[in-house]
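When the letters of the sequence shown are read in order and numbered with this note's numbering, they come out as residues 751 to 1135.
As structure tokens, the structure follows; a few thoughts come after it.
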Amino acid sequence: MPLRIGIVCYPTFGGSGVVATELGLELARRGHDVHFVTYGLPVRLGTAFGNLHHHEVVVSDYPLFDYPPYETVLASRLVDVTLHERLDLLHVHYAIPHASAAFVAREILRARGVRVPFITTLHGTDITLVGKDPAFAPVIAFAIESSDAVTAVSESLRTETYAHFDVDRPIEVIPNFIDMERYGPRTTDELPCVFNPDGERLLLHVSNFRPVKRVLDVVRIFALVRARIPCKLLLVGDGPDRPAIEALGRELGTHADTHFLGKVTDVERIYRLADVFLLPSEAESFGLAALEAMACGVPVVSSDRGGLPEVNLQGITGFLRPLGDVEGMAHDVLRILEDAEEGARLGAGARAHARVFATANVVPRYEDLYHRTLAATTSRARVES
Ligand code: GMT
């Protein structure tokens, strides 16, 4: 049965926003009425469907506010959209502040006799980094506890959530997913690659260049590999570490062979050019970028942190090393680049394992959760009345 679903997320380039947007698009394709409630148009919301809607959250600039009350405005907007669009449920991505805003909205609606459950999907930094800041912890724990259902994008994130928050409720693991058609290996009819005119090998990293991504390690790995074979580094994204990345590249003499491509929207075109994908992160609840690379048949060399071992399988889709083991990761990259058979085996393994996370395998699990949550809400309402 088609549902009317409200989705809250960050509309930016972050992984949680990307997952929420792709989920909304897929739910709309499956016939649900999807309403995004966000402060800007989600960046990947390119395709328009008649059953896909956007409701902007506008926080007015009032001289009294040193800090605009985004959470309050979001909660009010959720009440308004739920009532006028007769939403069945809210699905919020990223706990801060979306889950607490959804809680406020749900309680306001309940006081008006309207029962609308909300589902919270935890993505990682909401729990592992920001969530551990004591300034946020009580509200996050309460919002998780008060959600009608909670999901985490990996087993690792579920374990971390229980370890760091005093919550006593089931958390269902529904992993991130990938469109295996859009993300696929390079075909022979594609334009020649402009980044390696002399056939240099291509190393790729995609992220928001935050310290947690350890992009400086990427540059160090590249320097070690480049000392052995001709290669180039493609960096997609941007963020606070960019000046330090450029400085290190100049210091190591690799800057001229590094291409900064910025915040590319059709990133799948870049993935499939790469020979190896690097993700040496300090923390990674899932590692969506690694999955995107794998779907394109690109082996991954990553750290072994967080949910990465659930995505990148040692010796099957690529290699994993302890945090900061730059020499080990460079060794793994060389193994992939210098042995064509090994590179092809890992690339095929990467694409094969990515299939586990194919959209058609994962999105029905969210639909199933929606129906179960609605059924539980209805029967609770019956008991209470
Ligand atoms: O990676 C980031 O810093 C962005 C962050 C986000 O919430 O937008 O990504 C997190 O969610 C992604 C989607 O579920 C995961 O694939 C990333 O692993 C996770 N990032 C971290 O845990 C650092």
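Built from N, CA and C at the ideal position, the CB exists for glycine as well.
Note that this is a predicted model, so its numbers are computed, not measured.
Proximity winner among the options, relative to residue i (alpha-carbon distances)
i: R754; options: T832, Y789, S826; result: T832
i: Y1116; options: A902, D967, L985; result: A902
i: F868; options: V842, P884, H782; result: V842
i: P920; options: D929, C943, S896; result: S896
i: I890; options: G1037, F853, E857; result: F853
i: R951; options: R1022, T937, L814; result: R1022
i: P925; options: R1071, S1035, E821, P818; result: S1035
i: L983; options: V944, P990, R1101, T870; result: V944
i: G1037; options: R1019, E1060, T871; result: E1060
i: G1097; options: L879, G800, A973, E1042; result: E1042
Residue i beta carbon near ligand 1 (any heavy atom closer than 6 Å)
i: N926; result: yes
i: E1034; result: yes
i: T788; result: no
i: H873; result: yes
i: L1063; result: no
i: V1155; result: No answer is possible for residue 1155: the residues shown for the chain start at 751 and end at 1135.
i: V769; result: yes
i: G1037; result: yes
i: G765; result: yes
i: V823; result: no
i: V962; result: yes
Residue i: CB within 6 Å of a non-hydrogen atom of ligand 2
i: E1001; result: For the structure depicted, ligand 2 is absent and the ligand set comprises only ligand 1.
Pairwise C-alpha distance: residue j and residue i
i: V1083; j: V793; result: 32 Å
i: D948; j: V956; result: 23 Å
i: E772; j: P888; result: 30 Å
i: E835; j: P1030; result: 44 Å
i: P935; j: C1046; result: 4 Å
i: Q1064; j: A825; result: 44 Å
i: A1094; j: V1048; result: 9 Å
i: L791; j: A849; result: 20 Å
i: G1056; j: L1119; result: 25 Å
i: H1081; j: F1027; result: 14 Å
i: F786; j: V962; result: 28 Å
i: H873; j: A1131; result: 30 Å
i: N1111; j: F927; result: 8 Å
i: P813; j: R779; result: 43 Å
i: D1075; j: D916; result: 33 Å
i: K1013; j: G764; result: 11 Å
i: V1017; j: R1122; result: 35 Å
i: E905; j: E931; result: 26 Å
i: T937; j: E1032; result: 34 Å
i: E857; j: R865; result: 9 Å
i: P1005; j: G989; result: One detail in the question is off: residue 1005 reads as His in this sequence, not Pro. For H1005 and G989, the distance between alpha carbons rounds to 17 Å.
i: V900; j: R976; result: 45 Å
Host alpha helix (DSSP H) of residue i (start-end)
i: V829; result: 820-835
i: G1093; result: 1090-1104
i: L802; result: It is not in any alpha helix (DSSP H) - L802 instead sits in the beta strand (DSSP E) that spans 802-806.
i: T1127; result: 1109-1134
i: I894; result: 887-896
i: L1002; result: 992-1002
i: L840; result: Looking at the DSSP string, L840 is not in any alpha helix (DSSP H); the run it does join, the beta strand (DSSP E), is 839-843.
i: T762; result: Neither: T762 is in no alpha helix (DSSP H) and is coded neither H nor E.
Endpoints, beta strand (DSSP E) assigned at residue i
i: I757; result: 754-758
i: T911; result: Premise fails: T911 lies in the alpha helix (DSSP H), 905-914, not in any beta strand (DSSP E).
i: D783; result: 783-788
i: T878; result: Here T878 belongs to no beta strand (DSSP E); instead the alpha helix (DSSP H) covers 875-878.
i: H848; result: Note, H848: premise wrong, no beta strand (DSSP E); alpha helix (DSSP H) at 848-861.
i: A899; result: 899-902
i: T1015; result: Unbroken run through T1015: none, as it is neither H nor E.
Item checked: Inside the stretch 944-989 only - alpha helix (DSSP H) runs reaching at least 4 residues -> 965-976
Check: Whole alpha helix (DSSP H) runs in the stretch 1017-1069 with 4 or more residues, listed along the chain?
Finding: 1018-1021, 1038-1045, 1058-1061
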